[in-house]
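*Asks:* One structure, pasted below without further comment.
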Amino acid sequence: MGETITLLSKREIEKMRQAGRLAAQLLDHLTPMVKPGVTTLELNDEAEKWTQAHGAISAPLGYHGFPKSICTSVNHVVCHGIPNAKQILKEGDIINIDVTPILDSYHGDTSRTFFVGTPSPLAKRLVEVTEKCLMEAIKTVKPGSRIGDIGAIIQECAEPQGFSVVRDFVGHGVSKVFHTAPQIPHYGKRGKGKKLRSGMVFTIEPMINEGTWEAVILKDGWTAITKDRKLSAQFEHTIAVTETGVEILTLSD
Ligand code: MF3
Ligand code: CO
Ligand code: CO
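Start counting the sequence shown at 1; every next residue gets the next number (the numbering used here).
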């Protein structure tokens, strides 16, 4: 990750808007498939097909050797779960689907956590709190606020609920490059870290755990799970800092 934070031009932000909208539409497209009995490979294959049909490329496929087109992270998987034909979703599971289509060279990076059938009260609260963490963090973004403000809000949203904030994975600058400066930790202190400036484009993607924040990586080299095997949820948007505040680039219409 480079140190210099690139500011995107109006033209580039329009490109990011198009890629971001496509990413959101891809999640919308997959949503009705998320039911008991579907495999994570079926979700992957539909995502790949849809992405190609829309003139885009799946950024994860082959990224540092990642073998599939999307990440599918079920229950205690924190992130970077690999779609698999043997992994059949069942009633009560939660699954994060993380997509990143590249459209005309620009990346739209977004994820949501879905319920498979009816969630337990705990799973429901975890997922709802995680989405709230993301949306509250986005609300604080404007020129002059600081990267530390983002993490502080997320901690303040998650921790009073008894949940924890994952440390090992962060949000990131994104444009023609998938992962670049700045890093956006989901924990932090108000008033600390670099000042945000108009034209910065990055993701916020909090992973919130039911138990410990500690994660371990499986032998496949990708799948991150919670150390205590308790649940983990995540939501992600790609956002742009504007002259007056913030624009979410990964909203569907
Ligand atoms: N989309 C993920 C993120 O939010 C990155 C996935 S990289 C992969 O940053 F290689 F695991 F696909
Ligand atoms: Co991301
Ligand atoms: Co992502």
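Glycine is no exception: its CB is placed at the ideal position from the N, C-alpha and C atoms.
The structure displayed is predicted, hence computed values, not measured ones.
Any heavy atom of ligand 3 closer than 7 angstroms to the beta-carbon of residue 28?
*Replies:* Checking the Cβ of residue 28 against ligand 3 gives no.
*Asks:* Starting from residue 148, follow the alpha helix (DSSP H) in both directions and report where the run begins and ends.
*Replies:* Taken as a continuous stretch (DSSP letters only), the alpha helix (DSSP H) holding residue 148 covers 147-158.
*Asks:* What do you get for residue 217, buried or exposed, if any count of 16 or more other CB atoms within 10 angstroms of its CB means buried?
*Replies:* Its Cβ having fewer than 16 others within 10 Å, residue 217 is exposed.
*Asks:* Does ligand 2 have a heavy atom nearer than 7 angstroms to the CB of residue 236?
*Replies:* Yes; taking the cut-off as 7 angstroms, the Cβ of residue 236 has a heavy atom of ligand 2 nearer than that.
*Asks:* So, using beta-carbon positions, are residue 116 and residue 70 closer together than 8 angstroms?
*Replies:* Their beta carbons are not under 8 angstroms apart, which means residue 116 does not touch residue 70 by this criterion.
*Asks:* Rounded to a whole number of angstroms, what is the C-alpha to C-alpha distance between residue 182 and residue 51?
*Replies:* Those two C-alpha atoms are separated by around 27 angstroms.
*Asks:* Less than 7 angstroms between the CB of residue 205 and some heavy atom of ligand 3, yes or no?
*Replies:* Residue 205: yes, Cβ under 7 angstroms from ligand 3.
*Asks:* Return the first residue and the last residue of the alpha helix (DSSP H) that residue 240 is part of.
*Replies:* Residue 240 -> not in any alpha helix (DSSP H); beta strand (DSSP E) instead, spanning 237-241.
*Asks:* Buried or exposed: which applies to residue 101, given that a residue is buried once 16 or more other Cβ atoms fall within 10 Å of its Cβ?
*Replies:* Label assigned to residue 101: buried.
*Asks:* Comparing alpha-carbon positions, which option in 213, 26, 177, 128 lies nearest residue 187?
*Replies:* Per the Cα distances, 213.
*Asks:* I'd like the list of long-range same chain contacts for residue 197, defined as Cβ closer than 7 angstroms, with 5 residues on each side in sequence excluded.
*Replies:* Cβ within range, chain order: 7, 143, 241.
*Asks:* For residue 96 and residue 34, what's the separation of their Cα atoms in angstroms?
*Replies:* Roughly 10 angstroms separates the two Cα atoms.
*Asks:* Can you confirm whether residue 159, when its beta carbon is compared against all beta carbons of chain D, has any partner nearer than 8 angstroms?
*Replies:* Checking the listed chains, one finds no chain D in this structure; it contains a single protein chain.
*Asks:* Compute the distance between the beta-carbons of residue 173 and residue 5, then report whether it is under 8 angstroms.
*Replies:* Result yes, Cβ atoms of residue 173 and residue 5 sit closer than 8 angstroms.
*Asks:* Could you please give the first and the last residue of the uninterrupted beta strand (DSSP E) stretch that includes residue 171?
*Replies:* Where residue 171 is concerned, the enclosing beta strand (DSSP E) stretches over 171-173.
*Asks:* Going by beta carbon distance, what residues of the same chain come within less than 7 angstroms of residue 133, once the five residues before and after it are set aside?
*Replies:* Cβ neighbours of residue 133 beyond the five flanking positions: 154, 157, 158, 206, 208.
*Asks:* Mind reading off the beta-carbon distance from residue 126 to residue 59? Whole number of angstroms is fine, and I expect it under 8 angstroms.
*Replies:* That belief does not hold up - the Cβ atoms of residue 126 and residue 59 are roughly 27 angstroms apart, past 8 angstroms.
*Asks:* Identify whether residue 96 lies in helix, strand or coil by the three-state DSSP scheme.
*Replies:* In the structure shown, residue 96 sits in a strand (DSSP, three-state: E or B).
*Asks:* Could you pull the start and end residues of the beta strand (DSSP E) that residue 233 belongs to?
*Replies:* Segment 232-234, the beta strand (DSSP E) holding residue 233.
*Asks:* To which residues of the same chain is residue 111 closer than 8 angstroms at the C-beta, ignoring the five residues directly before and after it?
*Replies:* Contacts found: 27, 71, 96, 97, 98, 99, 205, 234, 235, 236.
*Asks:* Since residue 56 and residue 30 are thought to touch, with beta carbons under 8 angstroms apart, how far apart are those beta carbons, to the nearest angstrom?
*Replies:* Contact flag wrong, Cβ pair sits at about 14 angstroms.
*Asks:* Report the residue ranges of all beta strand (DSSP E) runs contained in full by the segment 76-137; include only those spanning at least 3 residues, in chain order.
*Replies:* Taking only runs of at least 3 residues, the beta strand (DSSP E) segments lying wholly in the segment 76-137 are 77-79, 94-99, 101-103, 110-115.
*Asks:* Note the first and the last residue of the continuous alpha helix (DSSP H) segment covering residue 183.
*Replies:* Where residue 183 is concerned, there is no enclosing alpha helix (DSSP H), although the beta strand (DSSP E) it sits in stretches over 180-184.
*Asks:* Using the Cα positions of residue 179 and residue 94, report the straight-line distance between them to the nearest angstrom.
*Replies:* Using only the alpha carbons, I get a separation of about 26 angstroms.
*Asks:* Answer yes or no: do residue 257 and residue 194 have a C-beta to C-beta separation smaller than 8 angstroms?
*Replies:* Within the shown structure, residues of the chain are numbered from 1 to 253, placing residue 257 beyond reach of any answer.
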